[in-house]
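*Asks:*
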Amino acid sequence: MLEHCGCGQRYDLDFRLVDYKQHVSIDNVPVLICPKCEHEEVLHWVKRDLTTLLESLPLDGDRYGLDYTDFNELAHIVYTIFTCSEVDTKDAFKAEITETCMIRINALLDLYRCAAGVGDRSWMTEIECSLAQLTEKVVVDGQELRFSPA
197 MLEHCGCGQR YDLDFRLVDY KQHVSIDNVP VLICPKCEHE EVLHWVKRDL TTLLESLPLD
257 GDRYGLDYTD FNELAHIVYT IFTCSEVDTK DAFKAEITET CMIRINALLD LYRCAAGVGD
317 RSWMTEIECS LAQLTEKVVV DGQELRFSPA
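Structural data, given as structure tokens:
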């Protein structure tokens with residue numbers, strides 16, 4: 197995970213409400229926050245998925261809200277551990293995320309096998325998207341990073 201801000205301070209993780217085009221409120225978006233300079237940025241591993249979600253949202257009718265953890269596997273895992281775990285160090289937090297990601301990846305692979313067995317292409321595509329959210333590589337400052345070990 198990207199550890200430090202450009203100012204040298206270590207990032208903190210938090211979850212924020214993002215308002216999109218004054219029409220949609222998306223809660224629990226994982227962000228990195230610098231406690232020194234107050235720089236904020238969306239967690240690198242969910243940026244592409246968040247952008248795709250934003251581009252797909254209808255902007256007609258009344259304002260509405262969504263919970264991002266309902267749309268992204270990694271955000272759901274990180275949020276659950278962030279809010280429910282009793283780990284007390286950053287290393288323990290990362291280890292729990294890694295372990296939970298591996299368990300989820302294995303469960304998704306089992307589901308994929310079932311979907312393939314019954315020939316459900318739509319279900320297979322949905323599972324492929326979930327797997328991609330947990331295994332995507334991102335490039336940050338010229339360095340290729342992967343959130344989970346898969």
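Straight run, no breaks: the sequence shown in the working numbering ends on number 346. Cβ atoms here follow ideal geometry from the backbone N, Cα and C, with glycine treated the same way. All values reported here derive from a predicted model rather than from experimental measurement.
#1: How many Å lie between A346 and C230 at the Cα?
#2: Out of Y216, H272, V238 and E234, which has the shortest C-alpha to C-alpha gap to P254?
#3: Look at the alpha carbon of I301 and the alpha carbon of S252, and state the distance between them as a whole number of angstroms.
#4: DSSP state of F211, grouped into three classes?
#5: From which residue to which residue does the beta strand (DSSP E) around L228 run?
#6: Taking C-beta to C-beta, are L228 and Y260 nearer than 8 angstroms?
#7: What's the C-alpha gap between T331 and C203?
#8: Under 8 angstroms between the Cβ atoms of V274 and I299?
#9: List the endpoints of the continuous beta strand (DSSP E) containing E236.
#10: Taking three-plus beta-carbon pairs below 8 angstroms as touching, is the stretch 210 to 226 in contact with the stretch 265 to 281?
#11: State the start and end residues of the unbroken alpha helix (DSSP H) segment that holds G313.
*Replies:* Looking at the coordinates:
#1: By 1-based counting over the sequence shown, the position of residue 346 is 150. By 1-based counting over the sequence shown, the position of residue 230 is 34. A caution first: A346 carries a pLDDT of 48, below 50, which makes its placement in the model unreliable, though a value can still be read off. In a straight line, the C-alpha of A346 is about 28 angstroms away from that of C230.
#2: Counting from one through the sequence shown, the residue named residue 254 turns up at place 58. Cα-wise, what sits closest to P254 is Y216.
#3: Taking the first residue of the sequence shown as position 1, residue 301 is located at position 105. Taking the first residue of the sequence shown as position 1, residue 252 is located at position 56. Approximately 25 angstroms, taken between the alpha carbons.
#4: Stepping through the sequence shown from its first residue, residue 211 is reached at position 15. If DSSP states are grouped into helix, strand and coil, F211 belongs with the strands.
#5: For this step, residue 228 is matched to residue 32 along the sequence shown. First-last of the beta strand (DSSP E) with L228: V220 to I229.
#6: The sequence position of residue 228 within the sequence shown is 32, counting from 1. The sequence position of residue 260 within the sequence shown is 64, counting from 1. Result no, Cβ atoms of L228 and Y260 do not sit closer than 8 angstroms.
#7: Taking the sequence shown and counting its residues from 1, the one referred to as residue 331 is at position 135. Taking the sequence shown and counting its residues from 1, the one referred to as residue 203 is at position 7. Each residue's alpha carbon lies about 29 angstroms from the other.
#8: Sequence index remark: in the sequence shown, residue 274 carries index 78 (1-based). Sequence index remark: in the sequence shown, residue 299 carries index 103 (1-based). For V274 and I299, no; Cβs fall outside 8 angstroms.
#9: Looking up residue 236 in the sequence shown gives position 40. E236 -> beta strand (DSSP E) spans E236 to V238.
#10: yes
#11: Stepping through the sequence shown from its first residue, residue 313 is reached at position 117. G313 -> alpha helix (DSSP H) spans K286 to V314.
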